[in-house]
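The structure under discussion appears below in the form of structure tokens.
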Amino acid sequence: MAEPRTSDRESSDRDRPGATPTEAAAPDVPMSVLPAATTTGIWLTGARDPRRGYIATSPVREAAASGFDILADQLPPVPLTAHQSEGRWGVDAIGRAVGLLTELHVDRTSYGWRLTASAGKDERLEDSALIEAFDAISEYGGSRPGQVQISLPGPWSLVTALSLSSGARVLGDYGARRDVVQAYAFGIAAFTDRIASLGMQPTVRLVESRLNPVLTGTWPTVSGWASLPAISETQVWAALESTLRHLPPTVLTLPDLDSLHLQGKEIPAAEAVRRTGARSVSVPLASLRPHSWEQLAILAEAGLGTWIHLPAAAGVRSDAVNHWCERIRTPWSRIGMGVASLREFGIIAGPELPLTYPPLLEDQPGIGPEHNRGTMTIAAGLRRALEEIE
Numbered sequence: 104m105a106e107p108r109t110s111d112r113e114s115s116d117r118d119r120p121g122a123t124p125t126e127a128a129a130p131d132v133p134m135s136v137l138p139a140a141t142t143t144g145i146w147l148t149g150a151r152d153p154r155r156g157y158i159a160t161s162p163v164r165e166a167a168a169s170g171f172d173i174l175a176d177q178l179p180p181v182p183l184t185a186h187q188s189e190g191r192w193g194v195d196a197i198g199r200a201v202g203l204l205t206e207l208h209v210d211r212t213s214y215g216w217r218l219t220a221s222a223g224k225d226e227r228l229e230d231s232a233l234i235e236a237f238d239a240i241s242e243y244g245g246s247r248p249g250q251v252q253i254s255l256p257g258p259w260s261l262v263t264a265l266s267l268s269s270g271a272r273v274l275g276d277y278g279a280r281r282d283v284v285q286a287y288a289f290g291i292a293a294f295t296d297r298i299a300s301l302g303m304q305p306t307v308r309l310v311e312s313r314l315n316p317v318l319t320g321t322w323p324t325v326s327g328w329a330s331l332p333a334i335s336e337t338q339v340w341a342a343l344e345s346t347l348r349h350l351p352p353t354v355l356t357l358p359d360l361d362s363l364h365l366q367g368k369e370i371p372a373a374e375a376v377r378r379t380g381a382r383s384v385s386v387p388l389a390s391l392r393p394h395s396w397e398q399l400a401i402l403a404e405a406g407l408g409t410w411i412h413l414p415a416a417a418g419v420r421s422d423a424v425n426h427w428c429e430r431i432r433t434p435w436s437r438i439g440m441g442v443a444s445l446r447e448f449g450i451i452a453g454p455e456l457p458l459t460y461p462p463l464l465e466d467q468p469g470i471g472p473e474h475n476r477g478t479m480t481i482a483a484g485l486r487r488a489l490e491e492i493e
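According to my numbering, the sequence shown is numbered sequentially starting from 104.
Next comes the structure, spelled out in structure tokens:
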């Protein structure tokens, strides 16, 4: 949130030992996310059988091995799989995000995630799994230097998913949402610093899918019978800007590029993105209509990195590269943009980060190593095709 204390904490943080956001901007680290092909993540579904206890090859290690094997040098996301404790701590994206909060504790209840005064069993297990994840990343990814991408929910998507210990939504409490945004930014920064210490160049993909209900006051209360008041534009933009300022190169992922209608005025998507301070933006191909392509062109001409997210099933057919290439080139040319500029597009493929609990991936056929391999093949092939357009 824009919240004045953000800058105070940032200033004091410059003096603390260890990595800081300014270190992430060292001269030898890229300042932007290079256009490339990537997937949204490597997901291994299904709970660990509690009767088996810890197994020799854990889901975290399996995810790391699969991720770096399948994605090779194509800008892989770092597999960060949350630990399941009898089904309470899910492998959904919110479960991954809350494990990165600094100095805040969380637990899962019947109505979702809530802030607590101290760490519980589930949180301690997640901390242990995070250590295991770093060991696996070091083992399987150490031989793959270069940029690696970490996909996580955006700060406002996280805020909407959390409740106070009383059960009230964090979104409705100014101080609580400020603390969550700050703790999340510092937690991601610390996480990416550890990735950098392994010899890789971390980049972040923040999936911010709930800005519209936050800004328009349509996010429901816990009961669902009412909605929480809208958060002011100033607070929303400033929270995103503050978060992005703490992080290494980041792609801000939005559900669409439709205009925002706030208090009787229309804010074009390109203007809204500019206010967040984002340097790169991603949007699903399926959501782009003629006016959306125009907004994307405005962002590209302003120097922002542009990424296109293919549908989840794009990798089903291995011969679909030409199809997706035309799906991008035709509307891009129709609005008067030169096809050579398509070389600057990044490509993201695979199912979006699941924000539900339990994750809605278990019922989808084909989600596994072979599906991910096909998805990556399409993404990488499309990137090559865009680079070769004359």
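Where a beta carbon is used, it is the ideal one built from N, C-alpha and C, also for glycine.
The beta carbon of Leu402 is closer than 7 Å to those of Ala373, Val376, Val384 and Thr409 in its chain, skipping five residues each way along the sequence.
Annotation for Glu369: the continuous beta strand (DSSP E) segment containing it runs Lys368 to Ile370.
When only Cα atoms are considered, Ala286 and Glu493 end up about 46 Å apart. With 16 or more other CB atoms across the displayed protein chains lying within 10 angstroms of its CB, Ile431 is buried.
For Thr324, there is no enclosing beta strand (DSSP E), as DSSP marks it with neither H nor E.
Here Pro332 carries a coil assignment [DSSP, helix/strand/coil]. With fewer than 16 other Cβ atoms from the protein chains shown falling within 10 Å of its own Cβ, Ala443 counts as exposed. Segment contact: the stretch 257–265 against the stretch 306–319, three or more CB-CB distances shorter than 8 Å; contact assigned.
Taking C-beta atoms under 8 Å as the contact rule, Ala293 and Thr205 qualify, at a distance of about 7 Å. For Thr433, the uninterrupted alpha helix (DSSP H) run begins and ends at Val424 to Arg437, by DSSP. Rounded to whole angstroms, the Cβ separation of Ser335 and Thr321 is 15 Å, and the two are not in contact under 8 Å. In this structure Ile291 is buried. Its beta-carbon is surrounded by 16 or more other beta-carbon atoms within 10 angstroms. Of the candidates Val386, Asn425, His426 and Glu429, Val386 places its Cα closest to the Cα of Ile411. Arg164 places its beta carbon less than 8 Å from that of Ala239.
DSSP lists Gln250 as the beta-bridge partner residues of Gln304.
Counting only the Cα atoms, Leu265 lies some 30 Å from Lys368. According to DSSP, Ala452 shares a beta bridge with Thr142. When the Cα atoms are used, Trp396 and Trp435 turn out to be separated by approximately 7 Å.
Your pair Thr478 and Thr142 checks out as a contact, with CB atoms roughly 6 Å apart and the cut at 8 Å. In the three-state scheme derived from DSSP, where H, G and I count as helix and E and B as strand, Asp210 is classed as strand. Residue pairing by DSSP places Leu363 opposite Ile370 in a beta bridge. Ranked by how close their Cα comes to the Cα of Arg280, the residues Gln338, Cys428 and Thr324 have Gln338 in first place.
Assignment of Val442 by DSSP, reduced to helix, strand and coil, places it in the helix class.
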